[in-house]
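Undergrad: Protein chains in written order, with our numbering: chain Y, 140 to 499; chain H, 140 to 499; chain E, 140 to 499; chain Z, 140 to 499. Using N, Cα and C, we set each Cβ at its ideal position, and we do this for glycine too. Encoded as structure tokens, here's the structure I'll be asking about.
Number of protein chains: 4
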Amino acid sequence: MSSTFGKLMRVTTFGESHCKGVGAILDGCPPKMSLSEDDIQKQLDRRRPGQSRLSTDRQEADQVTILSGVENGLTLGTPIGLFVANKDHIPGDYKAMQNIPRPSHADFTYQMKYGIRAASGGGRSSARETIGRVAAGAIAEKYLKEGHGVDIVAWVSAVGLIDAPDVDVESVNRLSVDQTAVRCPDHQTAEKMTAHITRLKEAGDSIGGVVTCVARNLPIGLGEPIFDKLEAKLAQAMLSIPATKGFEIGSGFAGARMQGSVHNDPFVKKDNRLGTSSNNSGGVLGGISNGEPVVFRVAFKPPATIKLPQETADFEGQSAILEAKGRHDPCVVPRAVAIVEAMTALTLGDLLLRQQMRCP
Amino acid sequence: MSSTFGKLMRVTTFGESHCKGVGAILDGCPPKMSLSEDDIQKQLDRRRPGQSRLSTDRQEADQVTILSGVENGLTLGTPIGLFVANKDHIPGDYKAMQNIPRPSHADFTYQMKYGIRAASGGGRSSARETIGRVAAGAIAEKYLKEGHGVDIVAWVSAVGLIDAPDVDVESVNRLSVDQTAVRCPDHQTAEKMTAHITRLKEAGDSIGGVVTCVARNLPIGLGEPIFDKLEAKLAQAMLSIPATKGFEIGSGFAGARMQGSVHNDPFVKKDNRLGTSSNNSGGVLGGISNGEPVVFRVAFKPPATIKLPQETADFEGQSAILEAKGRHDPCVVPRAVAIVEAMTALTLGDLLLRQQMRCP
Amino acid sequence: MSSTFGKLMRVTTFGESHCKGVGAILDGCPPKMSLSEDDIQKQLDRRRPGQSRLSTDRQEADQVTILSGVENGLTLGTPIGLFVANKDHIPGDYKAMQNIPRPSHADFTYQMKYGIRAASGGGRSSARETIGRVAAGAIAEKYLKEGHGVDIVAWVSAVGLIDAPDVDVESVNRLSVDQTAVRCPDHQTAEKMTAHITRLKEAGDSIGGVVTCVARNLPIGLGEPIFDKLEAKLAQAMLSIPATKGFEIGSGFAGARMQGSVHNDPFVKKDNRLGTSSNNSGGVLGGISNGEPVVFRVAFKPPATIKLPQETADFEGQSAILEAKGRHDPCVVPRAVAIVEAMTALTLGDLLLRQQMRCP
Amino acid sequence: MSSTFGKLMRVTTFGESHCKGVGAILDGCPPKMSLSEDDIQKQLDRRRPGQSRLSTDRQEADQVTILSGVENGLTLGTPIGLFVANKDHIPGDYKAMQNIPRPSHADFTYQMKYGIRAASGGGRSSARETIGRVAAGAIAEKYLKEGHGVDIVAWVSAVGLIDAPDVDVESVNRLSVDQTAVRCPDHQTAEKMTAHITRLKEAGDSIGGVVTCVARNLPIGLGEPIFDKLEAKLAQAMLSIPATKGFEIGSGFAGARMQGSVHNDPFVKKDNRLGTSSNNSGGVLGGISNGEPVVFRVAFKPPATIKLPQETADFEGQSAILEAKGRHDPCVVPRAVAIVEAMTALTLGDLLLRQQMRCP
């Protein structure tokens, strides 16, 4: 298990569904930054289950406590401990599944890798693990925003076959994103997405989706080639989120279809810097931020746990029908928006500190 | 700069275009493995420029020397030093570009990040840097293959808008891949790709493409959640390759369009293990290999350096026309096949050693 | 701040004196190991203040809670969260010292490094930080003992100028160590040490000491040259403990006085392995354990915070007299025994997992 | 094997006695620093064998080549490859020892750990490995000196029972150190040391010694508590050097004998900073540099390979007499001075970059 991410700004998460709680330690956060639990709670609230009809019906308050690293409202530069208690669960819902690993779920691989697994199945593969990331990410984001003016916004750009029309990456903001429960800033599309998810929830099925994210105002120079290029660390960060299957930056897979003469982003003078007139690069050149918005997309598969009966096999290889109990999300992307933002902030925060070593 | 990848099996690369040479140190390679320069050279030959009309006309032999770590044909368990000399270059080709950063190239960001850059522009962003990876990757691959029966094959699955039809991931092999210079195992498609690349080369333009890769016979249990999940480390590895813009595993972005009832891979008994009857997961569940083939795709943008004149700006922001000199690849994917395989082997080799700590 | 130690078995600690609490996350602990809070508490009890007249008069229960990673009494292989609440402190004792950095204490350097410091002065430099280490170390130790028969025992071998006579490293055990509050297994010497510490406590002064530690039954082969040699990681681990000034292994500084013909440890057959008839090497050859007991010594300086008035300067450089308030240890070594054992276990546990990657 | 040291400024070494050569990659060196092979060679010359009668009679030129990372005499910020060719050795000298592991040498543990070992026995445990460190350390030192005015000087303070009188850590310099082959700045003592070493060399024996090192002018604030405290990383760095058995900083083991009222270093105003009137702390408080000289001592055992016949056992446990052939150092400390300086520079260079991330 490898639960730490980052080199200078480092998050370490802990906790699974049925233990005392979940959380994180954020080490390397700069000192003298104002920080309260409210700063963190607002992102946890965007991640928590039970926010709307679109997510699981489980209600969890997910109140965060700062355990350490902050005194008189200021960070000390020491590790910030973050904790969210689990509610008492009766893990009965999972009993039926004890001998039948859920298809496309981590039950099977956790059992094979560790020779044991949590009552809730995948244990750390549970979405609850991401609470620690969102809490720590909210702090990284505050540092990026207040210290450097960096702005991170993610939104739902696709649910199943329903695509949101192009969103203006220069102006999209969280207010417009949060105006719909599905977190798509195009409100007409949001309605269609909502209807689609609702339908599938009722049918006991689930659906995938895409989250797009932009980071604006990033200083030029972030990213550490070769192996810690900005896009490489972002890709790792995103593919570490449960249920993700793909990552693309700038032109992405569409860029593979294009000619250089069309794809290249010409340089132009912009205010006091050299900018580009298009942004197929997605804000990175050679693994280093170039001052343009960093734009990327993350693919989420449909949640594996569905109510529809599934023909599969149990651990011994015997044919079996699985009818999952419990309350599960029919579509993860509305809640994943906060997770994508958190992992973005943690990635950029670390790379920013790494570039700052070159300051003098 | 962060030129090291891996935790237990670690590669560190060095070198840029116009210095003495390029290479790598592979530390953590298991001892008592037979190894010769030939084992490494064969992959370097698949990567080197000048192999065919499809790549740059530059001819470079790229002969590898093992500097250390091997005695009497056996690895010692100590760091393996790998070196490939650079030929004497006259960096004159780059003079014209000294004041005009190439659009969509790392000239600009290297200059901004480091305050200096190599005569060749991006320096370490040069494709030459990947020699060290391919050399080290060939060793990791040998270990995976001989020690564990793991089989890695990559191929070109798209060039521009030309897609190869579905290739059988269970049977595709390097022999069929290498039968065409474009490295597409579907030979009819390969012809079309070849014609397309040739046309664009003549036009002074370039084109993007997609490389697909499969790793077969991987032991169950590889991957270290949370942040070093198999797909997360693969994503980092792939996005660290020059010119990559996207990564997807299994169903990838298409999976975001699907319903859970369709996307889930049912378990079935396979020989002496539990397998799945479909593989939308791409061989990973919860970040851990499940015994099915690991299948992923990597998007490469069109090379930035093209002969066609481009309207852009110089470092001072003045409008300028760039006409790049020199001999550059019109399409990187045929040569990138060996690089994708190398980074796959380095990623899997490291995760395999990390899982082995759980052996007793 | 860099609060993580280890590569495969990794501890991350958090917390300072006046926050909610202190603790640690232990990631990489092997799965399926039985573990309860009692296993951990017994080492915390040996570390806690107020155990005897020899330590500070502060009484702190330091009860540990396992937050995660354990289910039904078994480890899951997931991160183990460990928490010990702080009691409500009135940080008034520290008010007097707000403008006068304590001589030989971290008040000054924390303020200079971070531009801020905790109410308690050094914050993370407080001995309370070591609670997380001792808790995590107790788990590492259980794994080493139950999984591999490794035995770790530390004891006080010197207080000021009072040295314990040579202790038999093959047989010394915690029972005999704990029979005296000063934790010296030679009970006659222990009495003298006790008298000396008591005298200095009454005088408002403090005294240094030495802790010796032995790890027995270690498998041959632990230690990762070059930079993670067994003795190098032990040295880092020990010098990371507050108040330490020196580390020596085997013959140590005395070995620098000797001739090779005397210092060399001849090999002899021992049971089913090759052993040595003397152990000047202290159980390591070339940074790798050789099967003999690993024996090392750690020097602790006298605690910096004393009641005796001290002539010094305040932060502005003005002459000042500091008379420290509060209740402080006159000698740290009796409590440090548990900390040395914990850091030893964390170091060896990590190196053992690292060697196990070579198993097949 | 773990051949990388440092987090932001990272050295990775490679090579053993009988391969093509030895060297290192230094990654993370700041860009735009002037650098030539001469800058590096001068420290290699102080480390190389055959400098004087006091070291081995082997003559090795150890000429360094910069493979990468430097263009037109300036560092690029990219990895600096460093290479020193091995001369052709006839490893015949080692044949006699093939079945008899040298007492107190790494022959035995390398064989046990890796199941194979280099012709030269310990392979990477050979002193030749340190060439890479000295080369990389020379660059780190240049950066510290030219960029920050930091001054590092090491010298021999003891050979066997012969101690140098206290040397003034504020004024000692390399010129005076290098005036004697034994590298002791007290020239009367140097003569005695020389005579002693010569006598033991003739007798076919060897002798241990102590190297003391000072780093002056270090900025306040270097060191990353908890686990990467300045003294903790120095201790790791020093104990990673072959033949070291101990490390102490400031008062060291003598400090364990002292009372707090005597040991504490009072603060006093010094120029524009707060300094201390004594330096028992050795320049660190709470793991962080305090602006005073960092002073530490490293104990080296006598070299294990001696000509005197030794009663020991072979790998099978049979009694055997070992009479080592070959030319070996009778005392390592004169040559170790450059190695201690190199590891000091690499440690401080890394911690300096880590502190600089806090710059803005």
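(1) For Ile291(Y), which option in Lys340(Y), Ile359(Y) and Gly276(Y) has the closest C-alpha, if you only look at C-alpha atoms?
(2) Can Asp489(E) and Arg272(E) be called in contact, C-beta distance under 9 angstroms?
(3) If you compare alpha carbons, which of Met332(H), Ile346(H), Pro448(H) and Gln457(H) is closest to Pro441(H)?
(4) Restricting to Cα atoms, I'd like to know which of Ala438(E), Ala459(E) and Ile460(E) is closest to Val471(E).
(5) Excluding the 5 residues preceding and the 5 following Asn461(H) in the sequence, name in chain order all residues of the same chain whose CB lies nearer than 6 angstroms to its CB.
(6) Please say whether Val407(Y) and Val308(Y) have beta carbons closer to each other than 9 angstroms?
(7) Pull up the distance between the alpha-carbon of Gly391(E) and that of Thr383(H), whole angstroms please.
(8) Exposed or buried, what is His157(Z) when buried is set at 16 or more other beta-carbons lying within 10 Å of its beta-carbon?
(9) Just by C-beta distance, which residues in the region 172-186 of chain E are closer than 9 angstroms to chain Z?
(10) With a threshold of 7 angstroms on Cβ separation, who are the neighbours of Gly362(Z) within its own chain once the five nearest residues in sequence on each side are excluded?
(11) Could you confirm whether any beta carbon from chain Y is found closer than 9 angstroms to the beta carbon of Cys352(E)?
(12) Mind checking Ser173(Y): buried by the 16 CB within 10 Å criterion, or exposed?
(13) List the endpoints of the continuous alpha helix (DSSP H) containing Pro481(Z).
(14) Could you give the first and the last residue of the continuous beta strand (DSSP E) run that contains Lys384(Y)?
(15) If the cut-off is 9 angstroms on Cβ atoms, which residues from the region 245-258 of chain Z count as contacting chain A, listed in chain order?
(16) Using the Cβ count rule (16 or more neighbours within 10 Å means buried), how would you classify Lys446(H)?
(17) At a CB-CB cut-off below 9 angstroms, which residues of chain Y make contact with Pro240(H)?
(18) For Glu455(Z), count neighbouring Cβ atoms within 10 angstroms of its own Cβ and tell me buried if that reaches 16, exposed if not.
(19) Can a CB atom of chain E be found closer than 9 angstroms to the CB of Cys498(H)?
(20) Per DSSP, what are the beta-bridge partners of Ile219(H) in this structure?
(21) Checking the sheet assignment: what are the DSSP bridge partners for Ile460(Y)?
(22) Any heavy atom of the ligand MG closer than 8 angstroms to the Cβ of Gln398(H)?
(23) Quick check on Arg256(H): does DSSP put it in helix, strand or coil?
(24) Starting from Arg197(E), follow its DSSP beta bridges and name the residues at the other end.
(25) Give me whichever residues DSSP pairs with Arg267(Z) in a beta bridge.
(26) Starting from the beta carbon of Arg493(Z), find every residue of chain Y whose beta carbon is closer than 8 angstroms, and list them in chain order.
(27) Three-state secondary structure (DSSP) at Gly152(E)?
(28) Determine the DSSP secondary structure at Arg241(Y), reduced to helix, strand or coil.
(29) When you compare the CB of Phe392(Y) with every CB in chain E, is at least one pair closer than 9 angstroms?
(30) Quick check on the burial criterion: 16 or more other C-beta atoms within 10 angstroms. Buried or exposed for Asp344(Y)?
(31) Would you decide whether Pro304(E) is buried or exposed? Buried here means 16 or more other CB atoms lie within 10 Å of its CB.
(32) For Gly276(E), name the three-state secondary structure that DSSP assigns.
(33) Who are the neighbours of Met377(E) on chain Y, taking C-beta pairs under 8 angstroms?
(34) Would Gly154(Y) and Gly160(Y) qualify as a contact pair, given that the criterion is a beta-carbon distance under 9 angstroms?
(35) What is the C-beta distance between Glu199(Y) and Pro188(Y), in whole angstroms, given that I count them as a contact (C-beta under 8 angstroms)?
(36) Compute the Euclidean distance between the alpha carbons of Ser142(H) and Thr152(H), then round it to the nearest angstrom.
TA: Answer, in terms of the structure:
(1) In the first sequence, counting from the first residue as 1, residue 291(Y) sits at position 152. Of Lys340(Y), Ile359(Y) and Gly276(Y), the residue nearest in Cα terms is Gly276(Y).
(2) By one-based count along the third sequence, residue 489(E) stands at place 350. By one-based count along the third sequence, residue 272(E) stands at place 133. Not a contact, by the Cβ cut-off of 9 angstroms.
(3) Position 302 of the second sequence, counting from 1, holds the residue named residue 441(H). When the alpha-carbon of Pro441(H) is set against those of Met332(H), Ile346(H), Pro448(H) and Gln457(H), the nearest one is in Ile346(H).
(4) Within the third sequence, residue 471(E) is the residue found at index 332, counting from 1. Checked all of Ala438(E), Ala459(E) and Ile460(E); the closest Cα to Val471(E) is Ala438(E).
(5) The count along the second sequence starts at 1 and reaches residue 461(H) at position 322. According to the sequence as given, residue 461(H) is Leu; it is not Asn. Only Ile239, Gln449 and Thr451 meet the Cβ criterion.
(6) Counted from its first residue, the first sequence places residue 308(Y) at position 169. Counted from its first residue, the first sequence places residue 407(Y) at position 268. Taking 9 angstroms as the Cβ cut-off, Val308(Y) and Val407(Y) do not qualify as a contacting pair.
(7) If you number the third sequence from 1, residue 391(E) lands on position 252. If you number the second sequence from 1, residue 383(H) lands on position 244. Each residue's alpha carbon lies about 53 angstroms from the other.
(8) On the fourth sequence, position 18 is the one that residue 157(Z) refers to. Buried: at least 16 other Cβ atoms inside 10 Å.
(9) Within the region 172-186 of chain E, no residue has a Cβ that lies closer than 9 angstroms to any Cβ of chain Z.
(10) For the purposes of this step, residue 362(Z) is identified with residue 223 of the fourth sequence, where counting begins at 1. Closer than 7 angstroms at Cβ, skipping near neighbours: Lys368, Leu369, Val423, Gly426, Ile427, Ser428 and Leu490.
(11) For the purposes of this step, residue 352(E) is identified with residue 213 of the third sequence, where counting begins at 1. Cβ-Cβ to chain Y under 9 angstroms: no for Cys352(E).
(12) Mapped onto the first sequence, residue 173(Y) falls at position 34. Burial call: exposed.
(13) One-based indexing of the fourth sequence puts residue 481(Z) at position 342. Residue identity check: residue 481(Z) is Ala in the sequence provided, not Pro. First-last of the alpha helix (DSSP H) with Ala481(Z): Val472 to Gln495.
(14) Stepping through the first sequence from its first residue, residue 384(Y) is reached at position 245. Segment Thr383 to Ile388, the beta strand (DSSP E) holding Lys384(Y).
(15) Within the model displayed, chain A is absent; protein chains Y, H, E and Z are what it includes.
(16) As a working mapping, residue 446(H) is identified with position 307 in the second sequence. Buried.
(17) Walking along the second sequence from the start, residue 240(H) turns up at place 101. In chain order: Phe406, Leu413 and Leu424.
(18) Translated into the one-based positions of the fourth sequence, residue 455(Z) becomes position 316. Classification for Glu455(Z): exposed.
(19) As a first step, residue 498(H) is located in the second sequence; it is residue number 359 there, counting from the start. Interface flag for Cys498(H) against chain E is set, since a Cβ pair is found closer than 9 angstroms.
(20) Numbered from 1 along the second sequence, position 80 holds the residue referred to as residue 219(H). In DSSP, Ile219(H) forms a bridge with Leu165(H).
(21) Translated into the one-based positions of the first sequence, residue 460(Y) becomes position 321. DSSP, once it has assigned bridges, lists Glu450(Y) as partnering Ile460(Y).
(22) Because no ligand of any kind appears in the structure shown, any question about the ligand MG cannot be addressed here.
(23) Along the second sequence, one-based indexing puts residue 256(H) at 117. Here Arg256(H) sits in coil by DSSP.
(24) In the third sequence, counting from the first residue as 1, residue 197(E) sits at position 58. Bridge partners of Arg197(E): none, in fact.
(25) The residue you call residue 267(Z) lines up with position 128 of the fourth sequence. DSSP, once it has assigned bridges, lists no residue as partnering Arg267(Z).
(26) One-based indexing of the fourth sequence puts residue 493(Z) at position 354. Leu147 and Met496, listed in chain order.
(27) Taking the first residue of the third sequence as 1, we reach residue 152(E) at position 13. Before going on, a small fix: residue 152(E) reads as Thr here, not Gly. Thr152(E) falls in the strand class under three-state DSSP.
(28) Against the first sequence, residue 241(Y) aligns to sequence position 102. Correct three-state label for Arg241(Y): coil.
(29) Taking the first sequence and counting its residues from 1, one reaches residue 392(Y) at position 253. No - not a single Cβ of chain E is within 9 angstroms of the one on Phe392(Y).
(30) On the first sequence, residue 344(Y) is found 205 positions in, with the first residue counted as 1. The residue in question, Asp344(Y), is buried, as its Cβ has 16 or more Cβ neighbours within 10 Å.
(31) Position 165 of the third sequence, counted from the start, is the residue given in the question as residue 304(E). Pro304(E) is exposed by the Cβ-count criterion.
(32) Translated into the one-based positions of the third sequence, residue 276(E) becomes position 137. Gly276(E) falls in the helix class under three-state DSSP.
(33) Locating residue 377(E) in the third sequence gives position 238, counting from the first residue. Correct list: empty, because the minimum Cβ distance to chain Y is about 21 angstroms.
(34) As a position in the first sequence, residue 154(Y) is number 15, starting the count at 1. As a position in the first sequence, residue 160(Y) is number 21, starting the count at 1. Taking 9 angstroms as the Cβ cut-off, Gly154(Y) and Gly160(Y) qualify as a contacting pair.
(35) Your numbering for residue 199(Y) matches position 60 in the first sequence. Your numbering for residue 188(Y) matches position 49 in the first sequence. About 6 angstroms separates the two Cβ atoms, so the contact holds.
(36) Sequence index remark: in the second sequence, residue 142(H) carries index 3 (1-based). Sequence index remark: in the second sequence, residue 152(H) carries index 13 (1-based). Computed Cα separation, rounded: 6 angstroms.
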